[in-house]
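Undergrad: Each protein sequence line maps, in turn, to chains A and B. Numbering (this note's numbering) for the first sequence: 5 to 470. Numbering (this note's numbering) for the second sequence: 353 to 534.
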Amino acid sequence: MDVTPNSQDPLGAIPVIAPGYSYRTLTDKLVGIVFTKNTPTAWFVFMAVGFALLMGLTVSLCYLVMKGIGIWGNNIPVGWAFDIINFVWWIGIGHAGTLISAILLLFKQDWRTSINRFAEAMTLFAVACAAIFPIFHTGRPWLAAYWLFPYPNVMGLWPNFKSPLIWDVFAVSTYAAVSAMFWYIGLIPDLATFRDKAEKPWQKRVYGILAMGWRGSARHWFRYETAYLILAGLSTPLVLSVHTIVSFDFAVSNLPGWHATIFPPYFVAGAIYAGFAMVLTLAIPLRAIYKLHDFITMRHLENMAKVTLVTGLIVVYGYACELFFGWYSGNQYERFMLMNRIVSGPYAWAYWLLLLCNFLVPQLLWIKSFRRNIAVLFTVAMFVNVGMWLERFVIIVTSLHRDFLPSSWDMYYPTRWDFMTFFGTIGLFLTLMFLFVRILPMISIFEMRTLLPEATPKQKTEGGAH
Amino acid sequence: MAHHTIETPYYGLMAEFDSAQQLLDAAHKVREAGYTKTDAFSPMPIHGVAEALGMKERKIAPLVLIGGITGALAGYGLQYWTTVIAYPINIGGRPFHSWVSFIPPAFETTILFAAGTAVISMIVLNGLPLPYHPVFNAKRFHLASQDKFFLAIEAADPRFKDEDTRAFLMGLQAREVVILEH
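1. Could you check which residue in Arg375(A), Phe387(A), Leu394(A) and Val319(A) has the C-alpha nearest to that of Ile266(A)?
2. Report all residues from its chain with a CB closer than 8 angstroms to the CB of Val529(B); omit the five preceding and five following residues, and keep chain order.
3. How many whole angstroms separate the CB atoms of Leu169(A) and Leu195(A), which I take to be in contact at a CB cut-off of 8 angstroms?
4. Give me the Cβ distance between Met474(B) and Arg227(A), rounded to the nearest whole Å; I'm assuming they're in contact under 8 angstroms.
5. Give the residues of chain B in contact with Glu229(A), contact being defined as C-beta atoms less than 8 angstroms apart.
6. For Arg223(A), I'd like the list of residues in its chain whose CB is within less than 8 angstroms of its CB, leaving aside the five on either flank, ordered along the chain.
7. Leaving out the 5 sequence neighbours to the left and right, which residues in its chain are closer than 7 angstroms to Phe426(A) when beta-carbon positions are compared?
8. At the 8 angstroms Cβ level, is His380(B) part of the contact set with chain A, yes or no?
9. For Met185(A), list the residues DSSP reports as bridge partners.
10. Determine, for Thr422(B), whether the minimum Cβ-Cβ distance to residues of chain A falls below 8 angstroms.
11. Can a CB atom of chain B be found closer than 8 angstroms to the CB of Gly160(A)?
12. Please report the distance separating the alpha-carbon of Asp172(A) from that of Phe433(A).
13. Would you say Val7(A) reaches chain B, if we count a Cβ-Cβ gap shorter than 8 angstroms as a contact?
14. Could you give the DSSP three-state label for Met353(B): helix, strand or coil?
15. The beta strand (DSSP E) with Leu503(B) in it runs from where to where?
16. Count the other CB atoms, across all protein chains shown, that sit within 10 Å of the CB of Tyr270(A); report buried if there are 16 or more and exposed otherwise.
17. Measure from the alpha carbon of Leu375(B) to the alpha carbon of each residue in Pro456(B), Arg527(B) and Ala470(B), then state which is nearest.
18. Is there a C-beta anywhere in chain A that falls below 8 angstroms from the one on Val530(B)?
19. Run through DSSP, which three-state label would Ser11(A) get?
20. What residues from chain B crowd round Leu191(A), counting only those whose CB sits closer than 7 angstroms?
21. Are there 16 or more other CB atoms within 10 angstroms of the CB of Ala568(B), so buried, or fewer, so exposed?
22. Take Tyr211(A) and list the residues in its own chain whose beta-carbon comes closer than 7 angstroms to its own, dropping the five residues that flank it on each side.
23. What first and last residue would you give for the beta strand (DSSP E) that runs through Val529(B)?
24. Looking at the structure shown, is Met415(A) part of a helix, part of a strand, or coil, going by DSSP?
25. Which residues of the region 203-227 of chain A have a Cβ closer than 9 angstroms to any Cβ of chain B? Give them in chain order.
26. Look up Gly364(B) in the DSSP assignment and say whether it is helix, strand or coil.
27. Measuring CA to CA, which of Trp115(A), Ala134(A) and Ile119(A) is closest to Gly98(A)?
28. If you measure between the beta carbons of Gly2(A) and Pro395(B), is that distance less than 8 angstroms?
29. Name the chain A residues that come within less than 8 angstroms of His485(B), Cβ to Cβ?
30. Do the region 440-451 of chain A and the region 147-155 of chain A touch if we need at least three Cβ pairs shorter than 8 angstroms?
31. Check whether the region 374-393 of chain A touches the region 291-305 of chain A, counting contact only when three or more Cβ pairs, one atom from each stretch, lie closer than 8 angstroms.
32. Please report the straight-line C-alpha distance between Ser497(B) and Met392(A), rounded to a whole angstrom.
33. Does the region 330-345 of chain A come into contact with the region 248-264 of chain A, if we say contact requires no fewer than three beta-carbon pairs (one atom in each stretch) closer than 8 angstroms?
34. Report the rounded CA-to-CA distance for Thr127(A) versus Ala402(B), giving the unit in angstroms.
35. Beta-carbon within less than 7 angstroms of Phe397(A)'s beta-carbon, same chain only, minus the 5 sequence neighbours each way: which residues are those?
36. Where Asn10(A) and Lys408(B) are concerned, what is the direct C-alpha to C-alpha distance, given to the nearest angstrom?
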């Protein structure tokens with residue numbers, strides 16, 4: 005793997021940007037995606053599907069507010085169902101964006117440059133989708149403020165800080181705020197490019213306001229790079245903490261199937277796994293629709309496939325640990341939970357489907373020709389998307405539906421409103437994503453410029469090259 | 353940089369360059385010639401240009417440290433005050449001051465305050481948002497966000513002399529040198 009930008013790989017690896025680009029051609033191509041009169045037909049198709057599903061979301065949420073959460077399939081003992089499954093699924097997807105934008109920046113992985121912008125956008129939109137579930141599962145979101153946020157209310161009540169659920173509020177809201185700042189800061193220089201390239205006065209004005217008068221001053225760049233690096237350094241522990249705290253929602257409770265010390269690392273790995281699968285799911289169609297093959301090369305897709313494979317194996321290690329912990333505990337409830345989850349329970353099919361999606365199918369990525377095959381990559385990514393959803397279903401529903409006393413046992417069946425809300429958030433995600441690619445640069449233009457060889461001049465230094 | 357005096361007949365002179373290398377070399381020469389009120393403009397960050405122009409400011413990192421410490425204290429203090437002082441409730445017989453439970457939210461507020469400080473200090477120290485700046489008066493300056501490189505010397509610079517400075521800039525292989533109106 006390259007550690008220095010612009011290095012010519014002696015082994016002839018695929019470059020991170022196709023040869024033959026200058027600052028000008030690169031800028032024109034990336035700006036042209038937005039300032040065009042020929043929006044691709046596929047954009048309208050995706051937007052239409054996303055928007056239709058989004059309308060379903062508004063209907064289902066309105067009905068929820070009118071009727072209460074009884075319209076969902078949640079019951080006792082399965083008090084947490086689709087709402088938390090979908091919440092964890094979406095939050096996890098967001099993690100890959102931060103990994104790409106922050107952790108890979110710290111590791112100087114220059115291939116991150118062409119995918120970090122839309123991966124960060126994906127993070128923001130995924131967090132927005134995730135937030136819908138905890139907010140609306142309260143049934144009366146306008147009353148939820150004093151359960152969720154410590155503010156001086158007339159009752160003088162404060163949230164219970166000994167509960168992981170309030171930690172989760174802090175973690176997710178910090179994550180949303182920091183991701184938004186990171187994303188916007190990254191956009192400023194490109195917004196200035198848009199301001200300068202725009203032809204219509206109103207476009208100049210809108211992008212100009214958003215660019216805040218950025219003029220590319222060397223001193224500004226210096227502070228900018230310092231702040232950006234610090235943000236990357238802060239986002240790295242943040243992203244690890246967010247899914248750790250999400251896993252505490254489960255691990256801190258005393259329920260067999262949830263109460264396991266492996267949960268934090270296993271959840272973090274699962275989040276990155278799900279996220280990279282989602283980045284592949286988005287990158288492959290976007291690359292085809294906007295003909296970005298020169299910027300999102302096979303090298304990017306292959307690297308993402310490798311990260312998917314590795315994090316997938318960590319997740320499978322987590323599954324193995326869960327089995328071992330259950331058996332080794334010698335606790336009859338733990339052992340019953342495992343047997344019920346894997347063999348005898350009514351949801352055992354979900355566990356085996358999960359292993360198919362998250363364990364068996366991704367093993368294809370060991371083979372180089374499959375990693376370089378778009379159709380195989382996209383299929384594997386889809387399996388992982390489904391598999392990571394099933395993982396949360398298995399953890400949540402199978403652990404809850406067989407309570408300690410057989411008299412409390414029950415089955416969980418999602419209702420049409422559960423599905424409508426879930427698919428509605430997918431619609432919200434698609435709508436936001438496709439609006440984003442229509443009006444903002446989906447690839448960081450100024451960072452792509454730094455990948456060109458002429459962007460790194462020879463330094464005149466006293467102490468030799470740095 | 354944001355404040356310039358109107359006493360000079362115009363803001364300064366700006367040279368245009370074609371490459372990052374030329375800009376970096378020019379920045380070194382400008383500094384060696386003793387100019388202090390200068391700035392360079394480029395479509396992407398170029399390592400070493402700010403230092404070449406004599407920028408020594410390193411304020412963001414210490415500010416972020418202060419922000420982070422403030423965030424940690426604020427987060428922990430909020431939890432301590434609400435659960436021990438404002439409305440103590442016995443939950444499961446645990447001590448009011450359950451410091452272990454207070455760590456995750458305090459960690460998050462640390463990150464939040466530190467990240468916010470990094471962003472705000474970058475924007476404020478850069479003097480942004482700034483809707484108007486004389487460098488935008490140069491006809492070709494819109495290329496500074498695309499593929500060209502610029503270097504400006506302010507007329508307020510003690511070393512600045514109309515013709516000498518212009519000749520000096522031209523001598524740095526500038527593509528052209530233009531006057532920047534206020």
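Glycine is no exception: its CB is placed at the ideal position from the N, C-alpha and C atoms. These figures come from a predicted structure and were not determined experimentally.
TA: Looking at the coordinates:
1. Comparing Cα positions, the closest option is Val319(A).
2. In its chain, beyond the 5 residues on either side, Leu365, Met366, Ala367, Glu368, Arg518, Leu521 and Met522 have a beta carbon closer than 8 angstroms to the beta carbon of Val529(B).
3. Contact between Leu169(A) and Leu195(A) is absent: CB atoms are separated by about 38 angstroms, not below the 8 angstroms threshold.
4. With a contact defined as Cβ atoms closer than 8 angstroms, Met474(B) and Arg227(A) qualify at about 5 angstroms.
5. For the C-beta of Glu229(A), the chain B residues within less than 8 angstroms are, from N- to C-terminus, Pro397.
6. So the list is empty, once near-sequence residues are dropped.
7. Taken in chain order, the residues that qualify are Phe86 and Asn90.
8. Interface residue, yes.
9. Met185(A) pairs with nothing; no bridge assigned.
10. With a threshold of 8 angstroms between beta carbons, Thr422(B) makes no contact with chain A.
11. Chain B contact via Cβ: present.
12. Approximately 22 angstroms between the Cα atoms of the pair.
13. Low local confidence applies: a pLDDT of 42 at Val7(A) is under 50, so the model's placement there is unreliable, with the coordinate-based value given in what follows. Not a single CB atom of chain B sits nearer than 8 angstroms to the CB of Val7(A).
14. Low local confidence applies: a pLDDT of 49 at Met353(B) is under 50, so the model's placement there is unreliable, and no value is given.
15. Looking at the DSSP string, the run of the beta strand (DSSP E) that includes Leu503(B) is Phe501 to Glu506.
16. Buried is the call here.
17. Of Pro456(B), Arg527(B) and Ala470(B), the residue nearest in Cα terms is Arg527(B).
18. With 8 angstroms as the cut-off, Val530(B) does not count as an interface residue toward chain A.
19. Note that Ser11(A) scores 46 on pLDDT, short of 50, meaning its location in the model is unreliable; the coordinates nonetheless yield the value given after this. Coil at Ser11(A), not helix or strand.
20. Scanning chain B for C-beta atoms nearer than 7 angstroms to the C-beta of Leu191(A) yields nothing, as the closest lies near 12 angstroms away.
21. Since the first residue shown for chain B is 353 and the last is 534, residue 568(B) is missing from the structure and cannot be characterised.
22. Here the set comprises Leu195, Phe198, Arg199 and Ala202.
23. Taken as a continuous stretch (DSSP letters only), the beta strand (DSSP E) holding Val529(B) covers Glu528 to Leu532.
24. The DSSP-derived three-state label of Met415(A) is coil.
25. Close to chain B, meaning a Cβ-Cβ distance shorter than 9 angstroms, are the following residues of the region 203-227 of chain A: Gly212, Ile213, Ala215, Met216, Gly217, Trp218, Arg219, Gly220, Ser221, Ala222, Arg223, His224, Trp225, Phe226 and Arg227.
26. Residue state, collapsed to three classes: strand.
27. Taking only the C-alpha atoms, the option nearest Gly98(A) is Ala134(A).
28. No answer is possible for residue 2(A): it lies beyond the span of chain A, which begins at 5 and ends at 470.
29. Ordered by position in chain A, the residues that pass the 8 angstroms Cβ test against His485(B) are Gly217 and Arg219.
30. Judged by Cβ distances under 8 angstroms, the region 440-451 of chain A makes no contact with the region 147-155 of chain A, as fewer than three pairs qualify.
31. Yes: at least three Cβ pairs fall under 8 angstroms.
32. If I take the Cα positions, the gap works out to 42 angstroms.
33. The region 330-345 of chain A is in contact with the region 248-264 of chain A.
34. Between Thr127(A) and Ala402(B), the C-alpha separation is close to 33 angstroms.
35. For Phe397(A), same chain residues with a beta-carbon under 7 angstroms away, outside a window of 5 residues either side, are Ile89 and Ala354 in chain order.
36. The predicted position of Asn10(A) is uncertain, since its pLDDT is 45 and thus under 50; no value can be drawn from it.
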